[in-house]
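Note that the sequence shown covers residues 0 to 169 in our numbering.
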Amino acid sequence: MLERVWGNIEKRRFSPLYLLYGNEPFLLTETYERLVNAALGPEEREWNLAVYDCEETPVEAALEEAETVPFFGERRVILIKHPYFFTSEKEKEIEHDLAKLEAYLKAPSPFSIVVFFAPYEKLDERKKSYEACQRAKRSRHRRPARRSGAACLGAAPHREPRGASKRRGD
């Protein structure tokens, strides 16, 4: 499962959304680092890589950043840590506008890669935010690997129609 995700990342076939979750922080971090290294060059990271922690910042701040056109590059990577609204945890002090999250999941930005980094063993499949992630256009659910304890939910990679690269050269 993760090998397929890593293979797509290596081939630079990125999904607009990733939900990395599980109880194996090494695998989650490895996946995120592979994604950043493949998506952004070292010089692009200062302008096009943003990290938000949902225990400190509302998720809508990260989503606004995801909707901002990238500077000096073709894409942005937005890391959203501790998205506890995907779990059954009690609400924390920070209020999140989950309606904005659901709207973003329906129509993610074409020039951003949003990565939800959820170091939780289990997500609450009954939560509206999780259901919205499930319904995200072109999404596929990958069940947790029994051996690794990590999982990824990612939308299908952006693909160009056949012959599109030939037409561009005209």
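Ideal placement from N, C-alpha and C gives every residue a C-beta, glycine not left out.
query	result
Beta-carbon separation (whole angstroms), R33 vs W5, contact threshold 8 Å	6 Å
Unbroken stretches of the alpha helix (DSSP H), 4 residues or longer, contained in the stretch 90-125	97-105
Of the residues Y20, L1, L16 and R3, the one placed nearest Y119, counting alpha carbons only	Y20
Buried or exposed by the 16-neighbour rule on C-beta atoms within 10 Å, applied to S87	exposed
One or two residues paired with K80 in a DSSP bridge	D52 and F116
Assigned secondary structure, R12 (DSSP; H/G/I helix, E/B strand, else coil)	coil
Those residues which DSSP pairs with R33 across a bridge	Note: R33 sits in no beta bridge, so no partner.
Buried or exposed (CB count within 10 angstroms, at least 16 for buried), V58	buried
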